[in-house]
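These protein sequences, in sequence, are chains A and B.
At position 37 of the first sequence (counting the first as 1) the number is 683 in the working numbering, and the numbers step up by one without a gap.
At position 231 of the second sequence (counting the first as 1) the number is 1089 in the working numbering, and the numbers step up by one without a gap.
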Amino acid sequence: MLPWASFLQRYRPVARAIAETLLGPGGDADDLVQEAALSLYAAWRKDPARFETTEHARNYYLRTVRNLAARSRERQRPTTVLAEDPPDCSTSASQAAELEARRTHLGRLLRSLPHADRELVARRFLRRETLAQVSLATGVPVSTLHNRERGILKRLREEVQGIEALENGESSE
Amino acid sequence: MVNPVNKQRDMTSLFTGELSAEEIELLLERAATDPEASRELDLVCDLHAAAESEQSLLLDSIAPTEGPRHLPRRNSLRIAAGITGLAAAAMLLWLGLRTGGIQSPEPSSETVAVVESVPPAYVPLELRAADTNLAERFRAAMEGYTLRDWPRTVSDLTGFMAQSPEHAPALFYRAAAHEALGDDSAAAEDYRASAASAAGPVSEHARWRLAQLEIRLGHVDMARVLLNQLLDSRSSFALNAEALLSDLDR
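As structure tokens, this is what we get:
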């Protein structure tokens, strides 16, 4: 069973960002992302085995966004009508806890970052600025910003992996 | 032309609207086939969610950005005195590029506003050279530069180059002094000569400054040639060049 609520919560922002990029100004990104979610749901209902892991569903969802955006530019995008009950978007306690724990942990890590790193994360993820725009605003060379961003992601990935390994170790005991 | 910067596209770029449809396709393909890229995509998705939940703290960390925009300046001239020698053939080739009589559109005022207009920094204490005597003479000739006395800088560096006419840093800083004095023609000539010197930070920085000077002079096409050379040569200014090219394309 695909954990719909946590799945959409996790991947909807990136899907929307991709849709906005591809549709450009004036495009209805929300509508397109919704359409992609319905398409995923229909595909999952038809063949659940195809979405053996969340990654498969994620890949399908984001690719559908890309494909629908292309068709939308050509004014060929169909509209899906949901002729049945919507998917169960209730999240199990364990899924919700897992999602919340991951976000809380990353939030704590973000708070502990040096000021300049926090600013970079804010500009990139909240203001959605390109590295060139950040560079123009801060006076820091793009190459330095790029390296700093990679460093932040690497550090966060290691921290998250460390916590996950610890949790898995504890849960297997 | 292979753009080296494109190879560095990472998953964060999915959020910032800077990718083309092809680049998005490539990243999604990577996420589907490369476990490492898949984990990276999940991480940036989680990071985005965490950033949203911490947004008041994160947004507070953004400094206000009033005032004119300036592109980043490089400190690569710290090793400038270590670079000597001018490649005559390369210089001829370089000068040859200027004889094409390229017609350029007028740059927009916004484009002109982002080019650097302040002289590059000079940090004498960090200069190191194999030839101590040469380094000492150069340092002495640069005293006017540290005092922002541009006429004296031109005069002293011209005197210095009487003995070392192919000294790339001297050419570079004399160009900057000419530029500060408003003598764009002399500045361009010295930047060009410095850029044609042996490959290294001085040459790259000279090319970068020259590109910006060309933009101010309205020679946008010439500036594009220089910026693309910086991009193609994978120089330390490649990413700066990409940012400026992107501005020119707007």
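The beta-carbon is built from N, C-alpha and C at its ideal position, and this holds for glycine as well.
- Under the 9 Å criterion on CB atoms, S1061 (chain B) is classed as non-interfacial with respect to chain A.
- Interface annotation, D1090 (chain B): not in contact with chain A, CB-CB separation never under 9 Å.
- Between the stretch 910–922 of chain B and the stretch 767–780 of chain A, the count of C-beta pairs closer than 8 Å reaches three or more; the two stretches touch.
- Between L745 (chain A) and V806 (chain A), the C-beta spacing is not below 9 Å.
- Judged by their CB atoms, R704 (chain A) and L899 (chain B) are nearer to each other than the 9 Å cut-off.
- Secondary structure at S1091 (chain B): coil, using DSSP grouped into helix, strand and coil.
- When C-beta atoms of the stretch 1011–1018 of chain B are compared with those of the stretch 1026–1038 of chain B, three or more pairs fall below 8 Å, so the two segments count as touching.
- If you check each beta-carbon in the stretch 790–808 of chain A against every beta-carbon of chain B, the ones closer than 8 Å belong to T790, H792, E795, R796, L799, L802, R803 and V806.
- With contacts defined as CB atoms closer than 9 Å, P978 (chain B) and F1030 (chain B) qualify as a contacting pair.
- Between L714 (chain A) and the set A:Q779, A:S781, A:A688 and A:A682, the nearest pair of CA atoms involves A:A682.
- Contact of N705 (chain A) with chain B by beta-carbon distance below 8 Å involves L886, A889 and A890.
- Annotation: S911 (chain B) to L1089 (chain B) spans about 38 Å, alpha carbon to alpha carbon.
- When DSSP states are grouped into helix, strand and coil, S1055 (chain B) belongs to the strand group.
- The CB of L917 (chain B) comes closer than 7 Å to the CB of A768 and L772 in chain A, given here in chain order.
- Going by C-alpha positions, E994 (chain B) is about 57 Å away from L668 (chain A).
- Under the 9 Å criterion on CB atoms, E666 (chain A) is classed as interfacial with respect to chain B.
- S1104 (chain B) is a Cβ neighbour of A778 (chain A), given a cutoff of 9 Å.
- Leaving aside the five residues that flank S1061 (chain B) on each side, the residues in its chain whose CB is nearer than 7 Å to its CB run, in chain order, A1026, S1052, A1053 and S1055.
- Closest in C-alpha terms to E1047 (chain B), from the list B:G1058, B:L1071 and B:P1059, comes B:L1071.
- The DSSP-derived three-state label of G1040 (chain B) is coil.
- The beta carbon of L708 (chain A) sits closer than 9 Å to some beta carbon of chain B.
- Counting only residues of its own chain and dropping the five nearest sequence neighbours on each side, T710 (chain A) has a CB closer than 6 Å to the CB of A682 and S685.
- Scanning the stretch 989–1040 of chain B for uninterrupted alpha helix (DSSP H) segments of 4 residues or longer gives 990–999, 1001–1004, 1008–1021 and 1026–1038, listed from N- to C-terminal end.
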